[in-house]
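Enquirer: In case it helps, this note's numbering puts the sequence shown at residues 190 to 674. My questions will all concern the structure given below.
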Amino acid sequence: MDLELIPKSNIDLKRKCEVCVQAKQTRNSLKPVERNTQILELIHSDVCDSNRSPTRGGNKYFVIFIDDFSWYCHIYTTTKSEKDDQKKTTVFDKLKIYKSEVENQLENKIKRFRYDRGGEYTSTELGAFHEEHGIIHEVTPPYSPQSNGVAERKNKTLMDMVNSMLLSSGLLENLWGEAMLTACFILNRITLKDNEKTSYELGRSPNLRILKVWGCLAKVLIPNPKRKKIGPKTIDVVFLGYAKNSSANRFLVINSEVKDVANNIVMEARYATFFEDIFPYKTRISKEVQTSEKPSNSIMIESLESQERRRSKRARVEKNFGDDFYIFLVEGDPTTYKEVVMFVDATFWKEAINDEFQSIIQNNTWMLMDLPAGNKAIGCTWVFRKKLKPDESIDKYKVRLVPKGFTQKKGIDYFDTYSPVSRITTIRTLIALASVHNLVIRQMDVKTTFLNGDLDEDIYMEQLEGFIVKGQEHKVCKLVKSYMA
190 MDLELIPKSN IDLKRKCEVC VQAKQTRNSL KPVERNTQIL ELIHSDVCDS
240 NRSPTRGGNK YFVIFIDDFS WYCHIYTTTK SEKDDQKKTT VFDKLKIYKS
290 EVENQLENKI KRFRYDRGGE YTSTELGAFH EEHGIIHEVT PPYSPQSNGV
340 AERKNKTLMD MVNSMLLSSG LLENLWGEAM LTACFILNRI TLKDNEKTSY
390 ELGRSPNLRI LKVWGCLAKV LIPNPKRKKI GPKTIDVVFL GYAKNSSANR
440 FLVINSEVKD VANNIVMEAR YATFFEDIFP YKTRISKEVQ TSEKPSNSIM
490 IESLESQERR RSKRARVEKN FGDDFYIFLV EGDPTTYKEV VMFVDATFWK
540 EAINDEFQSI IQNNTWMLMD LPAGNKAIGC TWVFRKKLKP DESIDKYKVR
590 LVPKGFTQKK GIDYFDTYSP VSRITTIRTL IALASVHNLV IRQMDVKTTF
640 LNGDLDEDIY MEQLEGFIVK GQEHKVCKLV KSYMA
C-alpha cells in the first residue's frame, strides 16, 4: 500500500487527546515511598473481618497498628457488631489503648496515623482526638486500598499464617484469635527484607528459644497444692501461644484429672514440656474419620456421649493457683447477676441484660409503688444462656428475667395455672392450608417472657438486681402484664 495516498495531518501528536483519555484512562502506578527514620513517626492501621466463626470470646474482627520505621505490629481482636456506631466505638477504644501503651513504653509521641476511608476511622470523635493530641490524620484516596499497602499486606500475611496453623494443628476454627496473636508474635521476631534486625530487636534482642510449634501437645506441671503424691504430675494441654502480660504460655486443656481444672478451658502456665511433633486435635479428627465405617447407631451413641462430656453443666468461676498456673477463661454461663462481672465476656452479658430490661420497660410491664399492707412481694432472678450455632460457636447472649412464682402457695396466692401453647395438630393444619393456597408462612419469636395480656390479679415483685431505683429502694413492682412460666 502506498502511504503517500494517505493525506497528511496537521495534528500535533504530542498533545493529549481528550477522547483517548476519556476512553482509555488507567490508574497510575504508585511511586515507591521512603520509610520513616524514627519510631512512632507514622502508624499504619486497618480493621479486618476474619471471615471465620467468632472466637470463644465472641470476637469477629481484628485491628492492627504497624509502626512504619520498625514494622512492629500490635493486634487487638474486637467484637462482632453489625452496628456501625458500636464498631466505631470499639476501634476508637483500641486506638486509645495502643497510643497510651506505646508512647509510655517508648517515651516518644505518635506523629501521624494513616488509615483507609472506613467508617470506623472517619468519626467526628476520632477527628477531635487527633486534634487534641496534635496527631496528623492521613486517609487513603477513595477506592484506593493499595495506598494503605503496609496494613493490607500485613492482613494477608497474618490470615495466611492463621489458615496454615489451623490446618496443620487440626484445632477448631473458633481459636483463630489465639493463632492470630501467635502469628503476630512470631512476625515481630523475624528479620525484615531490607534490614538484618527484627522489628522487636530495634528495641531489644528477642529470645527465640521460647518459640514452639502452635497447636502441639504439651504437658503442664500441676502446682504443689493440687498435686497428688501418687499419680501423674502433669495435665495434657495444647499450645495456643504466648501470654501478653507475663512469662507464661497459653494452653487449651484437653485431659485433666485436677478437680478445679476442667477440660476445654484456656489457661496460662509457666512450667511445661512440649511435644512439637504431636498434634492431638489432628489425631482426633483422623480417628473420627475412621469411625465413619461404624454402624449409624454406634456413631449416634458416641456423638451423644461426647456432647455430654463436652458441655459442662457446672458453673465455673475464676480461679488462681499462683503465678505458675492461672486459669483465666471460664466456660459455662453465669448463674447470678454478680457473677457476670467475673466473666471474660461480661460486656456481652451486660448488653443482653440492658436489651431485656429496655424491652420490659417499653411494654409497661409493671408500675413502681409502695407495697400495700397485708401483701408480700415475690423475688426475681436473671437467667443467662449462650445460644450456639451448629459449629458450637456463640450465636448470641440471651438473658431472661424470671419472677420467682414458685414461692407462692396454691389456694392462697393463686388457684389455677396455665400456659398458652399451640397444639401440634393446629400447626400441621395451618401448614397444610398454606401449602394448598400457596401462602407464605412467617415465623416470629417473643422477645420478652412477659406477654401482652393484662393481668387481673394483684402481684407484687421486688425490684430487679442491678436496676434498683435510687431513693426508691423500698418500693416494689406491681405487675400489670401476664407472665409465661
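Glycine included, each C-beta is placed from N, C-alpha and C at the ideal position. Since we're looking at a predicted model, the values are computed, not measured.
Throw me the rounded Cβ distance for the Arg301 and Thr329 pair, which I believe falls under 8 Å.
Expert: With a Cβ gap of about 13 Å, Arg301 and Thr329 do not count as contacting.
Enquirer: Please tell me whether Leu364 and Leu429 are closer than 8 Å, where the distance is taken between their beta carbons.
Expert: Yes, they are a contact pair.
Enquirer: Give the secondary structure of Met650 by DSSP, where H, G and I count as helix, E and B as strand, and everything else as coil.
Expert: If DSSP states are grouped into helix, strand and coil, Met650 belongs with the strands.
Enquirer: Please classify Asp257 as buried or exposed, where buried requires at least 16 neighbouring CB atoms within 10 angstroms.
Expert: Under this definition Asp257 is a buried residue.
Enquirer: Taking C-beta to C-beta, are Leu361 and Arg378 nearer than 8 Å?
Expert: Not closer than 8 Å, so no.
Enquirer: Whole angstroms is fine: what's the gap from Ile490's alpha carbon to Phe573's?
Expert: At Ile490, the pLDDT of 39 sits below 50, so the modelled position is not reliable; the number obtained from the coordinates is stated separately. If you take the alpha carbons of Ile490 and Phe573, they lie about 29 Å apart.
Enquirer: Could you work out which residue in Met650, Val236 and Arg459 is closest to Lys670 when comparing CA atoms only?
Expert: Here the closest residue by C-alpha is Met650.
Enquirer: Are there any heavy atoms of the ligand ATP lying less than 7 Å away from the beta-carbon of Glu651, as far as the coordinates show?
Expert: Among the components modelled here there is no ligand, and therefore nothing to report on the ligand ATP.
Enquirer: Taking its Cβ as the centre, do 16 or more other Cβ atoms sit within 10 Å of Val236, making it buried, or is it exposed?
Expert: With 16 or more other Cβ atoms within 10 Å, it is buried.
Enquirer: Would you list the one or two residues that DSSP bridges to Ser358?
Expert: Ser358 is not bridged to any residue.
Enquirer: What's the C-alpha gap between Val252 and Tyr310?
Expert: Roughly 12 Å separates the two Cα atoms.
Enquirer: Count the other CB atoms within 10 Å of the CB of Ala458; is the residue buried (16 or more) or exposed (fewer)?
Expert: Under this definition Ala458 is a buried residue.
Enquirer: Would you mind listing the beta strand (DSSP E) stretches within the stretch 290–363 that are 3+ residues and don't spill past its ends, in chain order?
Expert: Listed in chain order, they are 301–304 and 325–328.
Enquirer: Just mark Ala621 as buried or exposed, buried being the case when its beta carbon has 16 or more other beta carbons within 10 Å.
Expert: By the 10 Å Cβ count, Ala621 comes out exposed.
Enquirer: For the candidate residues Ser234, Arg241, Thr266 and Ser242, whose alpha-carbon lies nearest to that of Phe254?
Expert: Checking every option, the nearest Cα to that of Phe254 belongs to Ser234.
Enquirer: Measure how close the beta-carbons of Val588 and Ile542 come, nearest whole angstrom, since I'm counting them as under 8 Å.
Expert: About 5 Å separates the two Cβ atoms, so the contact holds.
Enquirer: CB-CB under 7 Å to Ala566, same chain, minus the five flanking residues each way: which ones, in chain order?
Expert: Around Ala566: Leu560, Tyr649, Met650, Glu651 and Val665.
Enquirer: Using the C-alpha atoms, what's the distance from Glu545 back to Glu646?
Expert: Straight-line Cα distance between these residues: approximately 24 Å.
Enquirer: Between which residues of its own chain and Leu347 is the CB-CB distance below 7 Å, once the five residues before and five after are set aside?
Expert: So the qualifying residues of the chain are Met369, Ala372 and Cys373.
Enquirer: Between the alpha carbons of Gly660 and Leu557, how many angstroms are there, rounded?
Expert: One C-alpha to the other measures close to 12 Å.
Enquirer: Which partner residues does Ala212 have in the DSSP bridge list?
Expert: In DSSP, Ala212 forms no bridge with anything.
Enquirer: Classify Gly247: buried if its beta carbon has 16 or more other beta carbons within 10 angstroms, exposed otherwise.
Expert: Its Cβ being crowded by 16 or more others within 10 Å, Gly247 is buried.
Enquirer: Among Gly563, Gly568 and Lys471, which has the Cα closest to the Cα of Trp403?
Expert: The option with the nearest alpha carbon to Trp403 is Lys471.
Enquirer: Report buried or exposed for Gly366, applying the criterion of at least 16 other Cβ atoms within 10 angstroms of its Cβ.
Expert: It counts as buried.
Enquirer: Could you give the distance in angstroms between the alpha-carbon of Pro421 and the alpha-carbon of Val409?
Expert: Roughly 11 Å separates the two Cα atoms.
Enquirer: May I ask which residues mark the beginning and end of the beta strand (DSSP E) holding Thr574?
Expert: One point to set straight first is that residue 574 is Arg, not Thr, in the sequence displayed. Unbroken beta strand (DSSP E) run through Arg574: Cys569 to Leu577.
Enquirer: Among Ala535, Glu321 and Ile232, which residue has its Cα nearest to the Cα of Tyr261?
Expert: Ranking the options by Cα distance to Tyr261, first place goes to Ile232.
Enquirer: Quick check on the burial criterion: 16 or more other C-beta atoms within 10 angstroms. Buried or exposed for Thr614?
Expert: Exposed, because fewer than 16 other Cβ atoms sit within 10 Å of the Cβ of Thr614.
Enquirer: Per DSSP, what are the beta-bridge partners of Phe464 in this structure?
Expert: Answer by DSSP bridge pairing, in chain order: Leu406.
Enquirer: Does the separation of the CB atoms of Glu327 and Pro334 fall below 8 Å?
Expert: For Glu327 and Pro334, no; Cβs fall outside 8 Å.
Enquirer: Could you give the distance in angstroms between the alpha-carbon of Arg241 and the alpha-carbon of His663?
Expert: The straight-line gap from Cα to Cα measures roughly 49 Å.
Enquirer: How many Å lie between Gly655 and Pro469 at the Cα?
Expert: Roughly 44 Å separates the two Cα atoms.
Enquirer: So, with DSSP's three-state summary, where would you put Lys433?
Expert: Coil, per DSSP.
Enquirer: Is DSSP giving Tyr250 helix, strand or coil here?
Expert: Strand at Tyr250.
Enquirer: For Pro579, is the classification buried or exposed, using 16 other Cβ atoms within 10 angstroms of its Cβ as the cut-off for buried?
Expert: It counts as exposed.
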